[in-house]
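For what it's worth, the working numbering labels the leading residue of the sequence shown as 112, then goes sequentially.
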Amino acid sequence: MEGDSLSCVKYLMFIFNFFIFLCGSFLLGLGLWFFMFILVIFLAELSAAILAFLFRENLTRDFFTKDLKRHYRGNNSTDVFTTTWNSVMITFECCGVNGPEDFSGALHFKTYTMYSIPEACCGKNVLQHDGEFIGRAECMMGKEVNRQGCYSTILNSLEPYVYIAGALAIGVLAVELFAMIFAMCLFRGIQ
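Listed below in structure tokens is the structure:
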């Protein structure tokens, strides 16, 4: 009986000492942990930037037009793709990728509806507070519609901010690089 309790105490002491060892090594290597964490974030951002640069040609008008024709589901759909496109078309007052003619080949408009364009393409009356559509029935048949495509509208609205976004990204990467250097200095200072 006495040997069993000593064996139990021996194993409890071993587990307790191992736990203290792990806590001590964690605290001692805190700078190294921080360095590794910042390094992983830095490498993820850098690889995302490189991939975005390499595959920038894939985000063309044709890519968006094919996706719009294949996945757009109409006015009252609740899927994410359709609601995002509706929101973009209403916000930027545009229609489709290149214009309203993009919806002539859309699967949903060929199959399920008598209208040629979605309601989100209709022009809004800016004088009214609720922003009702101008002549909704005429618009849905192709009249009183926003004629400009969303691709060129969004590119034109984002163009002034490209250099600011690039400078901001370089600034964030520089701050992360300095954080890694200081974390390594902290780690070396503790040792």
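A virtual CB, placed ideally from N, CA and C, is assigned to each residue, including glycine.
Taken through DSSP and simplified to helix, strand or coil, VAL208 comes out as coil. Taking the Cα positions, LEU288 is about 23 angstroms away from LEU165. Burial state of ILE275 is exposed, judged by a 10 Å Cβ sphere holding fewer than 16 other Cβ atoms.
Bridge pairing for CYS233: VAL256 [DSSP]. With at least 16 other beta carbons inside 10 angstroms of its own, VAL208 counts as buried. With a beta-carbon spacing of about 6 angstroms, TYR262 and PHE175 fall inside the 8 angstroms limit used to define contacts. Residue state for TYR274 is assigned as helix, using DSSP reduced to three classes. Between the segment 192–201 and the segment 154–165 there are fewer than three inter-stretch CB-CB distances shorter than 8 angstroms, so the stretches are not counted as touching. Counting of Cβ neighbours within 10 angstroms places LEU179 among the buried residues, the total reaching 16 or more. In this structure, CYS233 is the residue among SER227, GLY277 and CYS233 with its C-alpha nearest to the C-alpha of ILE201. In this structure, MET291 lies near LEU150, with their beta-carbon atoms less than 7 angstroms apart.
The straight-line gap separating the alpha-carbon atoms of ARG181 and GLU255 is approximately 25 angstroms. Rounded to the nearest angstrom, the Cβ distance from LEU284 to PHE145 is 17 angstroms, too far for a contact under 8 angstroms. GLU204 sits away from ASN267, with the two beta carbons spaced by 7 angstroms or more. The residue from PRO211, ARG172 and GLU156 with its alpha-carbon nearest to that of GLY277 is GLU156. Here ASN187 is actually not in contact with ALA231; their C-beta atoms are around 11 angstroms apart, not less than 8 angstroms.
Counted as a single uninterrupted DSSP element, the alpha helix (DSSP H) harbouring ASP173 occupies residues 172–182.
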